[in-house]
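Everything below concerns the one structure shown next.
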Amino acid sequence: MKYKYASVFLLLLLSCKIFAQQPERRVFYDVLYLKSLYDKDGKIRISPQNKPLFAYYFNLKNTTNVDTVIKKNPFFSLSGIYEAGGASGGTMPSPSGLIQSIGSLDVTNLADGLAKFLVERTKQELSTAFFSRFKKELDSTRQLQLLFPVTYKSLTAIDVEIYNYAAYTDLLRESFQKDLALLLPNVSNLIEDPCMDQLFAAMPHVRIIFIDALYIANEFHEGSHPGDIFHNYLVNKADNGTLRLINENVYPALQAFDLFSQSLRSNQKDKYWVDADSAKMLFNSPVTFQIYLGLLYQQLEKKDINFKEGSMKQFLKDRSGDFLKFEETYQKYNVELIQKATIVNRYFINLKQLQQKGENTFNYQDYYALYNSSLSLFEQLLKSPLLLNVNSANITIPMIDRNDPKIDQYLSSARSLGNVYIDVYEKQYPAAIVELSGVYDNLFINKVVTNPIKQDLVRNLAEKKAEYDKLQDAVAKTAIKKEINELEAKIAAFTEWPAINKMFIKYANFAAEVSKAKNSDEVKNAIEAIALPVGSSTVKREAIFNVALNAYVGPYIGKEKVHGIDEKYKGTYGLSAPVGISFSWGHRLLFVPTGDKKWSTSVFVSLIDIGALASYRFTSGSTPVAKDTSATVAQVPKIELKNIISPGLFLSIGIPSTPISISGGFQVAPNLRSVSLTGANKDVITNTYGDNKLYTRWSVGVLVDIPILNLFTKGR
């Protein structure tokens, strides 16, 4: 198809007769045209210019018999409406007449078709660029490979065929769906990968937070009761040595929380804990409370709970004689725990009942309510140290501060990753992406936590470098150099994560849009919605020399003068879409060799400019006609070749690995100034012309480079 356009276009530009047959005509515009002739002369004069019009409607092979057959039409035969012309079928037109005839040639369909082609090609170029960039960033970023493993495998398989990504839309959609469905397992693989070692070496508490939060989220995925989840977390996963990196009292607080949680377990099958009223029975009498403490103490004999400031077992033992003084503290803690636990139990039972009824699809809010209430229960651990903080105590156990940055990271990450699980289960992928990117931001980019760590690393690095400079022993210098390299790697790990998180948000949201597409058109729309000008066309960047029928599409700014009206050039801007011949030199920046860097320098000779049409097709090409949403405006008014002719000369610099060029030069601006929707209902398309004045323009633009047809290429 592109060869057909190119051939017709070149013949037009050479002023040859290009149409072997009349293009399809539009009655509406022909009526207006003939009426304009009537208004001008008081009658329609049959002439060489309008004979092709009548020949079209009377199905004549040539214009010789137009004067004869028109008399047979009862409307045209009415007196005075037309005047027959002289015999002209075999007359050779004069050179000036030929030029005028060519200039008046109706090129509406050709120009509009070319505009549509350029708009579509612009979108394709940018979309291909987006996928090429995506693959390039996956190739160079191990973290993204782990977060999008199936997609990475698919793009690697496609490899050099990436320019033909449209043929692989189904494969890509399925790849995105799989990666998003396995978002949390992919995060788990990321955490365990060596690519994270330097970052975790600088912030070891972050690895613990991630691993533990993922464990809790996964237990919810398995359908375990929240009470069992927290108990199993303490027994099977939590470790005092590592949790101390967050706060020294986190692990003992978890132990105390679990001790009281398990002490309030219910014997009823449909209840995990006793209800609040039953829990209050433990404090109805001093004897009951005394027995309760005795059994708790006996459990502490098996495994004590050691807070930073003291042993819980020793605390109970030392105060066994005046235990009633801290009855109020223990009762308050237990009642709060049971109240939160009752809410958790209610949501859990509700979901189990739905499962028993065979209703496997649950409301998103039901899952969210269960998880949110479970995390509120989990935060009861913050108050565990208060169990030892009573008036009669000689020691004071401080409460774990919820606003401590590391504590906040610990609890908020557990909540957020649980929300990610729920969002993924419900296929609410955009919400899951926002939630997970928030976790990355909180753990890896949080300046309150990271800045002190980075400052320590920078200070240590400076000290090590100073020590290295003073050393004379080669062996010692080698050892110090190794430490310097490790410190530099840790500092670099901090700087890369903001960029990685931005890439994750961009590509994950793109994956979410594509994954929910029901057909190829929706995939295409998703691609067009997010694709950015980040790299595509390469032929002229790679070749030593290239000649092509070329188009450029994009915005420009510059100076323009209307000769005969303006005394000087005035500022102007708009959308340019010149089409012409480009002469390009690859690996050149302003004709200076750049080695392997893929710059290109082009001299571009423009012949026509359909920027007005391209602008219309970009913005209003599918605008509904009035209130009829099923119909769209497709046909533009008649455009003559003379109205889009725009000779000019430009110098264009192609940016490496992108379809973008920076172009500047001079041109005679086209007479067609704009195409727009007008009328009360915005359902009438109007062409605006420059009254056949001579416009000249100096301009510079950032344009998408679209080779239409390569005419000659000399490889490297």
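All the letters of the sequence shown, read from the start, carry residue numbers -20 to -1, 1 to 696 under mature numbering (1 follows the signal peptide of the UniProt record, and there is no 0). Idealized CB from N, CA, C, for every residue including glycine. Nothing here was measured: the structure is a model prediction, and the numbers come from that model.
Point to revise | Three-way DSSP call (helix, strand, coil) for Ile688 in this model | key: strand
Exercise for review: Leaving aside the five residues before and after His211 along the sequence, list all residues of the same chain whose C-beta is less than 8 Å from its C-beta, in chain order.
Suggested key: Asp238, Ser241, Gln242
Review point. Among the residues of its own chain, which have a CB less than 8 Å from the CB of Leu467, if the five just before and after it don't count?
Key: Leu437, Asn440, Leu441, Lys444
Exercise for review: On a CA-only basis, which of Asp403, Ser155, Arg25, Tyr37 is nearest Ser495? Give me that one, please.
Suggested key: Ser155
Exercise for review: Can you grab the Cα-Cα spacing for the pair Val605 / Asn505, in whole Å?
Suggested key: A caution first: Val605 carries a pLDDT of 41, below 50, which makes its placement in the model too unreliable to give a value.
Exercise for review: Can you say whether Phe692 is buried or exposed, counting buried as having 16 or more other CB atoms within 10 angstroms of its CB?
Suggested key: exposed
Review point. In or out: Ser641 buried (at least 16 other Cβ within 10 Å) or exposed?
Key: buried
Exercise for review: Classify Gly22 as helix, strand or coil using the three-state DSSP reduction.
Suggested key: coil
Review point. Mind checking whether Phe180 and Ser393 have CB atoms under 8 Å apart?
Key: no
Check your understanding: Any idea if His185 is buried or exposed, counting beta-carbon neighbours within 10 angstroms, 16 or more meaning buried?
Key -> buried
Review point. What is the rounded straight-line gap between the Cα of Pro129 and the Cα of Leu162?
Key: 10 Å
Review point. Whose C-alpha, out of Gly544, Ala488, Tyr549, Leu529, is nearest the C-alpha of Ser586?
Key: Leu529
Point to revise | Assigned secondary structure, Gly628 (DSSP; H/G/I helix, E/B strand, else coil) | key: strand
Review point. Quick one: what's got a C-beta closer than 6 Å to Ser556's C-beta in the same chain, skipping five residues either side?
Key: Tyr536, Gly591, Gly681
Practice item. May I ask which residues mark the beginning and end of the alpha helix (DSSP H) holding Tyr390? Key: 385 to 405
Practice item. Measure the alpha-carbon distance for Thr48 versus Pro54 and round it to whole angstroms. Key: 13 Å
Point to revise | Which residues DSSP lists as bridging Gln647, in chain order | key: Gly628, Arg677
Point to revise | Simplified DSSP state of Asn286, which is helix, strand or coil | key: strand
Exercise for review: Name the two residues that bound the continuous alpha helix (DSSP H) containing Thr322.
Suggested key: 307 to 336
Check your understanding: Is it buried or exposed for His567, if we count other Cβ within 10 angstroms and need 16 for buried?
Key -> buried
Exercise for review: Could you tell me the distance, in whole angstroms, from the CA atom of Tyr401 to the CA atom of Gln279?
Suggested key: 35 Å
Review point. Do Ser291 and Asp284 have their CB atoms nearer than 8 Å?
Key: yes
Practice item. Let me know if Ser258 comes out buried or exposed under the rule of 16 or more other beta-carbons within 10 Å of its beta-carbon. Key: exposed
Review point. In three-state terms, what does DSSP make of Tyr536?
Key: strand
Point to revise | DSSP beta-bridge partners of Thr581 | key: Trp565, Ile633
Check your understanding: In the structure shown, what three-state DSSP assignment does Met72 receive?
Key -> At Met72, the pLDDT of 40 sits below 50, so the modelled position is not reliable and the matter cannot be decided from this model.
Point to revise | Given 8 Å, three or more beta-carbon pairs between the segment 420 to 432 and the segment 442 to 461 | key: no
Check your understanding: In whole angstroms, what is the alpha-carbon distance linking Leu631 and Lys482?
Key -> 35 Å
Check your understanding: In the DSSP assignment, what residue or residues form a beta bridge with Asn550?
Key -> Asn is not the amino acid found at residue 550; the sequence shown has Lys there. Glu540, per the DSSP bridge assignment.
Exercise for review: Report the rounded CA-to-CA distance for Asp345 versus Lys337, giving the unit in angstroms.
Suggested key: In the sequence as displayed, the identity of residue 345 is Gln instead of Asp. Looking at the two C-alpha atoms, the distance is approximately 19 Å.
**Study point:** Contact under 8 Å by Cβ, Gly644 with Leu629
**Key:** no
Exercise for review: Look up Ala181 in the DSSP assignment and give the residues it is bridged to.
Suggested key: DSSP output for Ala181 lists no bridge partner at all.
**Study point:** Strand pairing of Phe156, partner residues [DSSP]
**Key:** In DSSP, Phe156 forms no bridge with anything.
**Study point:** Alpha-carbon spacing of Asp173 relative to Leu127, whole angstroms
**Key:** 11 Å
**Study point:** Pair within 8 Å by beta-carbon distance, Lys386 and Asn227
**Key:** yes
Review point. By Cβ distance, which residues of its chain are closer than 7 Å to Asp384, with the 5 residues on each side in sequence left out?
Key: Asn227
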